[in-house]
Every structure is written in C-alpha cells, then in structure tokens.
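Engineer: The numbers in the UniProt record's numbering rise by one with no breaks, and the one at position 128 of the sequence shown is 128. Glycine included, each C-beta is placed from N, C-alpha and C at the ideal position. Being a predicted model, the structure only gives us computed values, none of them experimental. The structure that follows is given in the form of structure tokens.
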Amino acid sequence: MYHPNMFESHHHMFDMTPKTSENDLGLTGSREDDFETKSGAEVTMENPLEEELQDPNQRPNKKKRYHRHTQRQIQELESFFKECPHPDDKQRKELSRELSLEPLQVKFWFQNKRTQMKAQLERHENAILKSDNDKLRAENNRYKDALGNATCPNCGGPAAIGEMSFDEQHLRIENARLREEIDRISGIAAKYVGKPLLTNSTTFSQLTSSHHLPSRSLDLEVGNFG
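Structural data, given as structure tokens:
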C-alpha cells in the first residue's frame, strides 16, 4: 500500500544534508589563503632573524671552499714567520695586500704555524728526554750488575755491599789498608831480626787485642843490645 508520507519523510532526510553556501566556501578559501599567507610570512621572517643572530663582521653563509696557498705565498709567510712569529694587525694587513690574501687568512696561517712549531718542539723535547731516560736506565742496570757480581777481596765470596752501611764499608776498607801496612812492616822487620814479627795469618783483631805487644818490642830491643 502506498504511503505518501513515507516518501516525503525520505525526501526530507535527503534535504537534511548540510549545504555549503558560497559564503562558506569563500570563508574556507579565505582561511586557507590566510594559512598559506601566514606560513609564508613565517618562512620569510626566519631569514631576518638569522641575519640578526649572525655576526655583522661575518659574511653571509656561503659554500666554503678550501683555499690552497701558492708556493710564493707560503715562502713569503715562512720567511716572515722566522723574523716575527707574532705579527700585529698592521703587519698582517700589509702581508695580506702583498700576497693578495685576506687578513683573516694571514692571521689563521700564523696561528696554525705557531701550533705546528709548538707540537714539533714538544716532540723533539720528548725524544731527548726519552733518550736520556734510556741512558740512565742502562747505566743503572750496569751498576746493579756490577754490584751483583762483586766479590769480597778477602774470602772471594759475594760481597753484600748493598746490605752494608757507609761506615761499615769505610771500616772494612780501612782494615784492609792496615793489614797491608802491617804485612809490609813485618817484612821489613824480618830482614833485621831474622824472623817476622807478625805472620800473614795474624788478623787485625788479634793485633789490637794483644796486651803483650809493648813488652815483646822491649824484649827485642834488649836482645839487640845483648
């Protein structure tokens, strides 16, 4: 059965869809235009801001190219560096005019040259110190070997020089000298008396501990007169 009201209700449902008027389209378009305009303004405003942040003495950012100095420029800079490693502003400007360089290029060249010379000097000094250190270490090892192979002049055994104090070493040397002197005097006396006063087996401690040495000398003197 046909119901006209149902058809009209469907028709009204289709009419309920939102209509876009020309004003709405114009408003939307203007908003999009405003957005594009604002975004473009923001892009254009970035460049003045960057220019304000840049150093006014610096040039605008461009693609940097590596500048290689000519052989003549290097020779002139090297020659001037030998005479004056620290040129002032006036000298740098004069050099830049003569060599067709920028004053900053001359300034940076001298800075790099001073750094290079300082590094070379430090390497040279380190090499000298290392050589001296190696010589001292080798000499120290020779002394250690000599002390390790040292022998006692009396018994022929290993000498414990490192364990002895300076006074003890001095006393040992003095005792050895006195023993030699006693042996020499004993040999001279044997020529006149006929027999040695002291044999080589007599030690220095026995000589110093003997209390009969003066009487024995007196007996010898009396015997000579008898």
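So the alpha helix (DSSP H) Asp-89 belongs to, where does it begin and stop?
Structural biologist: Working through the sequence shown from its first residue, we reach residue 89 at position 89. Segment 89-99, the alpha helix (DSSP H) holding Asp-89.
Engineer: Excluding five sequence neighbours on each side, which residues of the same chain lie with their C-beta closer than 8 Å to the C-beta of Cys-84?
Structural biologist: As a working mapping, residue 84 is identified with position 84 in the sequence shown. These residues qualify, in order along the chain: Gln-91.
Engineer: Following a CB-centred definition, is Trp-109 positioned closer than 7 Å to any heavy atom of the ligand MN?
Structural biologist: As far as ligands go, the structure on display features none, and thus does not contain the ligand MN.
Engineer: Going by DSSP in three states, Pro-85 sits in which element: helix, strand or coil?
Structural biologist: Walking along the sequence shown from the start, residue 85 turns up at place 85. Here Pro-85 sits in coil by DSSP.
Engineer: CB-CB under 7 Å to Gln-73, same chain, minus the five flanking residues each way: which ones, in chain order?
Structural biologist: Sequence index remark: in the sequence shown, residue 73 carries index 73 (1-based). Contacts found: Leu-99 and Leu-101.
Engineer: In the structure shown, what three-state DSSP assignment does Arg-137 receive?
Structural biologist: Residue mapping note: residue 137 aligns to position 137 of the sequence shown, counting from 1. Helix at Arg-137.
Engineer: If you reduce the DSSP assignment to three classes, tell me which class Glu-181 lands in.
Structural biologist: Against the sequence shown, residue 181 aligns to sequence position 181. Correct three-state label for Glu-181: helix.
Engineer: Return yes when the Cβ of Phe-110 is within less than 8 Å of the Cβ of Pro-87, no when it is not.
Structural biologist: Locating residue 87 in the sequence shown gives position 87, where the first residue counts as 1. Locating residue 110 in the sequence shown gives position 110, where the first residue counts as 1. Yes. Within cutoff.
Engineer: Return the CA-CA distance between Leu-95 and Asn-133, expressed in angstroms with no decimal places.
Structural biologist: Walking along the sequence shown from the start, residue 95 turns up at place 95. Walking along the sequence shown from the start, residue 133 turns up at place 133. Distance between the alpha carbons of Leu-95 and Asn-133: 44 Å.
Engineer: Around the Cβ of Leu-77, are there at least 16 other Cβ atoms within 10 angstroms (buried) or fewer (exposed)?
Structural biologist: Counting from one through the sequence shown, the residue named residue 77 turns up at place 77. By the 10 Å Cβ count, Leu-77 comes out buried.
Engineer: Taking just the CA atoms, how far does Leu-104 sit from His-69?
Structural biologist: The sequence position of residue 69 within the sequence shown is 69, counting from 1. The sequence position of residue 104 within the sequence shown is 104, counting from 1. Computed Cα separation, rounded: 13 Å.
Engineer: Between the beta-carbon of Lys-113 and the beta-carbon of Phe-81, is there less than 8 Å?
Structural biologist: Locating residue 113 in the sequence shown gives position 113, counting from the first residue. Locating residue 81 in the sequence shown gives position 81, counting from the first residue. Yes.
Engineer: Any idea what DSSP makes of Glu-125, helix, strand or coil?
Structural biologist: Counting from 1 along the sequence shown, the entry for residue 125 is found at position 125. Glu-125 falls in the helix class under three-state DSSP.
Engineer: Use the C-beta contact count for Ser-201: other C-beta atoms within 10 angstroms, 16 or more gives buried, fewer gives exposed.
Structural biologist: On the sequence shown, position 201 is the one that residue 201 refers to. Note that Ser-201 scores a pLDDT of 46, beneath 50, so its modelled location is shaky; the value from the coordinates is reported in the next line. Ser-201 is exposed by the Cβ-count criterion.
Engineer: Could you check what DSSP says for Gln-75 in three-state terms: helix, strand or coil?
Structural biologist: Translated into the one-based positions of the sequence shown, residue 75 becomes position 75. DSSP places Gln-75 in helix when its eight states are reduced to three.
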